[in-house]
Amino acid sequence: MGEFCACALVRGNRRRNNVLRAQAQNAEMIPHSSHWGAFSAERVDGALIVRPHPDDPNPSPLLRNIPASLSHPARIASPVVRRGWLADGPGPDDRRGRDEFVQVSWDEVLDRLAAELRRVYDEHGPRAVYGGSYGWASAGRFHHAQGQLHRFLALAGGYTRSVNTYSGGAAEVLLPHVLGPFDSVTRSVVTWDQLAAHTDTVLAFGGMALKNSTVGAGGVSRHVERDAMRAAKARGTEFVLVGPLRADLSEDVDALWLPIEPGTDTALMLGLAHTLLVDGLHDRAFLHTHTAGWPEFEAYLQDKDAAWASAICGVPAADIRRLARTIARGRTLITVSQSLQRAEHGEQPVWAGLALAAMLGQIGLPGGGFVYGLGSLAHYGRPRNAVPVPTMVRTVNPVRDFIPVARVADMLLHPGEPYEYNGEHRTYPDTKLVYWCGGNPFHHHQDLNRLRRAVARVDTFVVHEPAWTATARHADVVLPATVTLEREDIGAGGTDPLVVAMRRAADPFGEARDDYAIFSGLAARLGFTDGFTEGRTAREWLEHLWLRTQKALAGKGFPAPDFDEFWAAGEWRLPSGPDDGGVLASFRTDPEGRPLHTPSGRIEIGSATIAGFGYDDCPGHPAWLEPTEAPDERHPLRLVANQPATRLHSQLDFGATSAAAKVRGREVVRVHPDDAAARGILDGDVVRLHNDRGACLAAARITDDVRRGVVQLPTGAWYSPLDPDDPTALCVHGNPNVLTRDVGSSRLAQGCTGQLTVVQLSRWEGKVPPVRAHEPPTVRTTA
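Numbering of the sequence shown is given in my numbering, commencing with residue 1 and proceeding in unit increments.
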């Protein structure tokens, strides 16, 4: 098998290299990659042309955003320092976000920043330094912004770090308790190939939106999701979409749409489980041999019948019973999207979906059972590569303190105060310096007016940024960073076999430098150059990282090109590992010999560990918990603040695809016709969304693809307050995170709850203010 695979890989790599060489005869094609797709770039009459990889059957429209990245007016051309910080020195300052900036030289800014780092470490210790959260910055594995930041701060003396993600924080904490280590029980246990070949019914809670599966960390060479769903449908698979937005499942599959009340998926799951129970359709043998905690959950289900669930979720009881009987026939796959757990009590739909699948007894079967996140990200649903991709090894951080990633404003506003997380009693550190690199908290955090108050409390806020995002505008020290096309790197993901030589396509904009060069300059001033660089240039680091993959290929008997051969080819395809269902399949066949890595070694429908924490907002088994924020007379509409279809988070918001989807430069909110008519709103009107936390403007799109009583406004429009001096200012661009709540999912995970909130909607009657989100702030050349 290995010899056959090796020969096939040789032929495949040669064919692709021939294609690249043929393209190069006609134009200077430069291989490159992004989180949303591999591509080639070329210069034609001074303009950058981006072409999708020829092997990609469904290239992402987000590629059209890339050309604007090189020279848009929003690019930051030189190092700058906020005037107040430069004049008055470090310290809390509510002028952040409204102060002007002063241009300085690289030598001056690095000298000043190195001195401030020394001061904070000497006076307050490493716990007082917060090393950003996370972000998607680049598909390149060396110029991975967070990796560079964390390596630098670890060598500088340590830092307070974050754990988990905004995207999946609740599930990332829950699943290790009840199913096993997160990555091993999510990414590759059910693949798109399995779904296309084996699945009879897909019950998709929250959907499997193609806009989400466009994106995968490290890059995507082939977007296979649409074709896999089409193949499954052609074979006879039935798709059921549970969610308030019709677009959350491809129209190609003609799904049955159950437009559920947002945030009530757990109630529907319990109603389905009750029907399985009373009809005797559950797999008693599987529950006995493969699960723990079933008796407690069975007792809880007794009064959670379809009528009870219907009153909460809005799906007729008869439809709930009918659906339960459908999923008990044939091979059924229950999927839970990341969006469902990005809400208050977000742990519950993930756990209840797992329990429902366990009752059907199909976990571990090809294309059946339960999978979290399939369709939420491109690197889910694919076999893992058989060899490791080139990545940096993380430097050990001597500081053990951390916060859950979505609790950053709490940390800044409440130093020294206690909080609970995953069974631990923890305390927020007193943060003096925040260093952000490769992320944009003024995109992904909630309640932005509260975040503005939080960042005003630190002594120094440092940002590396290519463009003038709201995060850069609120910083004290802004260091211009290159974009991926302005540097060399290696694009690679753990479940995508194509490794891309990301060759440089343009000179750096203005005085921009890559993060490695910036941190190398700081390390020299702080006395640990050799520890940070290990004597290597950026190109020599790429050669070093490739060596690990080359050795792994050779060790398994596969073609193993050296770095020069790989770089000349422009790409190399790695062998894929087996598509065998992973740990869940082996556990299914041998529950005693190959137990899961949970406390019981089984699927934990009930968890004694979680029960022992005593959390009333996350009990010891899946449960319906009433939300603490619900629509009322003042705020009668549910807002779904989901991921955008036209950009990755807020990246390249000024790009062509993102800009084309706006109306008069403003983000679009989708409104049901009945809700629009009741407010006198017409299609294209500028409307105001508001609640007690804030307000924003957006352009109305009237559609029956959203449930009545629901409005949908995607995240990612750059925060643009009408009056920066007003701490509760109206965002004129349409950023929903001025409206969302900054509270944890529960005391278990403290995950992000930004998916859902409540609002009122009204037609904007005044003069429509301009959107200036992509215009740079005032920068002076002298202080």
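In this text, a Cβ means the ideal position worked out from N, Cα and C, and glycines have one as well.
query, result
"Does the pairing of the region 492–503 with the region 474–482 give three or more beta-carbon distances under 8 angstroms?", "no"
"Using 10 angstroms around the beta-carbon of T549, count the other beta-carbons present and answer buried if the total reaches 16, otherwise exposed.", "buried"
"Do you know how far the Cα of G330 is from the Cα of T201?", "8 angstroms"
"Enumerated in chain order, which unbroken segments of the beta strand (DSSP E) with a length of 3 residues or greater are wholly contained in the region 57–124?", "80–82 and 101–103"
"Give me whichever residues DSSP pairs with F420 in a beta bridge.", "Residue identity check: residue 420 is Glu in the sequence provided, not Phe. In the DSSP output, where bridge partners are listed per residue, E420 has H425."
"Can you give the Cα-Cα distance for H621 and Y380, rounded to whole angstroms?", "26 angstroms"
"Which stretch, first to last residue, makes up the alpha helix (DSSP H) that contains H177?", "G169 to V178"
"I'd like to confirm the pairing. Which residues does DSSP put opposite W572 in its beta bridges?", "V499"
"For W436, list the residues DSSP reports as bridge partners.", "V463"
"So C313 and L268 are supposed to be a Cβ contact under 8 angstroms. How far apart are they, rounded?", "5 angstroms"
"Tell me whether T728 sits in a helix, a strand or coil according to DSSP, three-state version.", "coil"
"With a threshold of 6 angstroms on Cβ separation, who are the neighbours of V738 within its own chain once the five nearest residues in sequence on each side are excluded?", "L448, G694, C696 and C731"
"Distance check for H672 and Q712, CA to CA, integer angstroms please.", "10 angstroms"
"Looking only at C-alpha atoms, which of G684, T460, I681 and W624 sits nearest to A311?", "W624"
"Mark G527 as exposed unless 16 or more other C-beta atoms lie within 10 angstroms of its C-beta, in which case mark it buried.", "exposed"
"In chain order, what residues of the same chain lie with their CB nearer than 6 angstroms to the CB of A154, ignoring the 5 residues before and after it?", "T395 and N397"
"I'd like the span of the alpha helix (DSSP H) that includes C313, first residue to last.", "A306 to C313"
"For D283, which residues in the same chain have their Cβ closer than 7 angstroms to its Cβ, ignoring the five residues on either side in sequence?", "M359, L360 and G361"
"When you compare the region 626–639 with the region 749–760, are there three or more beta-carbon pairs, one atom per stretch, that lie closer than 8 angstroms?", "yes"
"List the whole-angstrom C-beta distance separating L203 from I327, where the pair is believed to meet the contact cut-off of C-beta under 8 angstroms.", "6 angstroms"
"Excluding sequence positions up to five away, which residues of its chain have a Cβ less than 7 angstroms from the Cβ of V399?", "P126, R127, G158, Y159 and T160"
"Which word fits L547, buried or exposed, when buried means at least 16 other C-beta atoms lie within 10 angstroms of its C-beta?", "exposed"
"Tell me G593's beta-bridge partners as DSSP assigns them.", "Beta-bridge pairing links G593 to no other residue."
"Have a look at F182 and L374 and give me their C-alpha separation to the nearest angstrom.", "13 angstroms"
"If you scan the region 696–749 from start to end, which runs of the beta strand (DSSP E) of 3 or more residues do you find wholly inside it?", "710–712"
"Quick check: the Cα distance between Q755 and E172, rounded to an integer number of angstroms?", "17 angstroms"
"What's the call for T728, buried or exposed, on a 16-neighbour Cβ count within 10 Å?", "exposed"
"Considering only the alpha carbon of each residue, which of L748, A197 and T778 lies closest to E424?", "L748"
"Going by the beta-carbon positions, is the gap between V405 and Y166 smaller than 8 angstroms?", "yes"
"Can you tell me whether F654 is helix, strand or coil according to DSSP?", "coil"
"Could you pull the DSSP bridge partners for T757 from this structure?", "L639"
"Output yes or no for whether 8 angstroms exceeds the beta carbon distance between V462 and T431.", "no"
"From L596 to V371, what distance separates their C-alpha atoms?", "15 angstroms"
"Between P79 and chain E, is the shortest Cβ-Cβ distance under 8 angstroms, so that the two count as touching?", "Here there is only one protein chain, and chain E is not present."
"Using three-state DSSP, classify T264 as helix, strand or coil.", "coil"
"Please return the same chain residues whose Cβ sits closer than 8 angstroms to the Cβ of F152, not counting the five positions on each side in sequence.", "F519, L522, A523 and F532"
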